[in-house]
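Quick notes on the structure that follows.
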Amino acid sequence: MSTYMKTTFLLLYMIVPSTSFVSPVTSRREQFTSKQPTSLFSAMERLHDTSTNGFGPIEHVYSLKDIDYITRKIAEDEWMALGTAIAEAMYEMILDVGDEALHEMGFVERMSVTDKIAEDVTSAVEKIINKLGAQPLQQGPYPLPEQLISSLHSLLCHELATITGTTTFNCSGHDLSLLVLSSVSDAIEAYCGITNIDAPFFQLNQEVDHRIRNRRRQLLLKHAKGYESVKDIERDIEASRKHWVRDVLGGKAAKNFHFGEVTTKGGNRH
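Rendered as structure tokens:
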């Protein structure tokens, strides 16, 4: 190497910090061993950044494990509450469509039938909501997942056949599918606080994820201001949902309500 090249290299080494010179081997090792920031990590960073959390310095720091647990708890709550809104809409719609046949029954028989309908509706909705929460279902010709609409259409046909006491009830009509779609759409719009699920690019899973992220941030900021544990946040989530059930569905539903379940105004029997 010439004297000129040696001098140039020495000057560069003195001017540029030594940390800028990283060997290719070191770079590859860091590439495979360093973890990419996850959404939870980013959430925790924003939470503890006094310039972005909206509250300034906080007194408690939650670990990634804590935030992951809280996120799962909120997700369970949001999906089951959405399921409750859908179940109540379906329950009311079934009773409305079958009103004439129900009034021909005696009081005891009518109460027995309506209680059974409530059980069937909550069970069916809870199953489909569990699938929706686990992974997005196939989108059909409607803005909602096709499996959700088809499952609820089958439920409606079954319950109407039970009410009328016939197995030959005509369920093939297009009007019944539109009735299910209308009832479920109204329930989702009311619960999520949106005006039109027919808007372009609407995805139910994305809407619920957005609610989960916003609620997680609010709860973490609220409880990080004091020395409060994850259990305090968990109790907050459960208490808030119980109050929501009481306000929306009434005292009967709230009395027997267990966290993480779908219910209707008639309440669940445990």
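Residues 2 to 271 in my numbering are what the sequence shown lists, from first letter to last.
Yeah, the Cβ is synthetic: ideal placement off N, Cα and C, and Gly gets one too.
Need the endpoints of the alpha helix (DSSP H) that HIS244 sits in, please.
On the sequence shown, residue 244 is found 243 positions in, with the first residue counted as 1. For HIS244, the enclosing alpha helix (DSSP H) begins and ends at 231-250.
Can you tell me the Cα-Cα spacing of ALA200 and PHE108, whole angstroms?
One-based indexing of the sequence shown puts residue 200 at position 199. One-based indexing of the sequence shown puts residue 108 at position 107. C-alpha separation (whole angstroms): 44 angstroms.
Which listed residue (VAL126, VAL249 and THR165) has its alpha carbon closest to that of GLN148:
The sequence position of residue 148 within the sequence shown is 147, counting from 1. Per the Cα distances, VAL126.
Residue span of the alpha helix (DSSP H) that contains ASP210, given as start and end:
For this step, residue 210 is matched to residue 209 along the sequence shown. Taken as a continuous stretch (DSSP letters only), the alpha helix (DSSP H) holding ASP210 covers 205-225.
Determine the direct distance from the alpha carbon of ALA102 to that of LEU220, and round the result to whole angstroms.
As a working note, residue 220 is residue 219 in the sequence shown. As a working note, residue 102 is residue 101 in the sequence shown. Cα to Cα, LEU220 sits roughly 47 angstroms from ALA102.
If we ignore side chains and look at the alpha-carbon of each, how far apart do ILE118 and LYS226 end up?
For the purposes of this step, residue 118 is identified with residue 117 of the sequence shown, where counting begins at 1. For the purposes of this step, residue 226 is identified with residue 225 of the sequence shown, where counting begins at 1. Near 46 angstroms, if we compare the C-alpha coordinates of LYS226 and ILE118.
Is DSSP giving THR27 helix, strand or coil here?
Taking the sequence shown and counting its residues from 1, one reaches residue 27 at position 26. Note that THR27 scores 40 on pLDDT, short of 50, meaning its location in the model is unreliable and no value can be drawn from it.
Of the listed residues VAL185, TYR63 and VAL263, nearest to MET94 (C-alpha basis)
Residue 94 sits at position 93 when you count from the first residue of the sequence shown. The residue with the shortest Cα to Cα distance from MET94 is VAL185.
Apply the 10 Å Cβ neighbour rule to ILE195 and answer buried if 16 or more other Cβ atoms are within range, or exposed otherwise.
Reading the sequence shown from its first residue, position 194 is the one you call residue 195. Counting Cβ neighbours within 10 Å, ILE195 comes out exposed, since fewer than 16 surround it.
Considering only the alpha carbon of each residue, which of ASP97, ASP116, ASN206 and LYS223 lies closest to ALA76?
Your numbering for residue 76 matches position 75 in the sequence shown. Measuring from the Cα of ALA76, the nearest candidate turns out to be ASN206.
How big is the Cα-Cα spacing for LEU156 and ALA191?
By 1-based counting over the sequence shown, the position of residue 156 is 155. By 1-based counting over the sequence shown, the position of residue 191 is 190. Between LEU156 and ALA191, the C-alpha separation is close to 22 angstroms.
So, helix, strand or coil for TYR63, using DSSP?
For this step, residue 63 is matched to residue 62 along the sequence shown. Of the three classes helix, strand and coil, the one that applies to TYR63 here is coil, per DSSP.
I believe HIS244 touches ASP233 by the beta-carbon criterion, under 8 angstroms. Please report the beta-carbon distance rounded to the nearest angstrom.
Numbered from its first residue, the sequence shown carries residue 244 at position 243. Numbered from its first residue, the sequence shown carries residue 233 at position 232. About 17 angstroms separates the two Cβ atoms, so there is no contact after all.
Measuring alpha carbon to alpha carbon, tell me which of ASP210, GLY166 and LEU145 ends up nearest LEU179.
By 1-based counting over the sequence shown, the position of residue 179 is 178. Here the closest residue by C-alpha is LEU145.
Nearest to ASN131 by alpha carbon, out of LEU250, ASP78, ARG212 and SER64?
The residue you call residue 131 lines up with position 130 of the sequence shown. Of the listed residues, the one whose Cα sits closest to ASN131 is ASP78.
Identify the continuous alpha helix (DSSP H) that holds HIS104 and give its terminal residues.
In the sequence shown, counting from the first residue as 1, residue 104 sits at position 103. That run of the alpha helix (DSSP H) goes 100-104.
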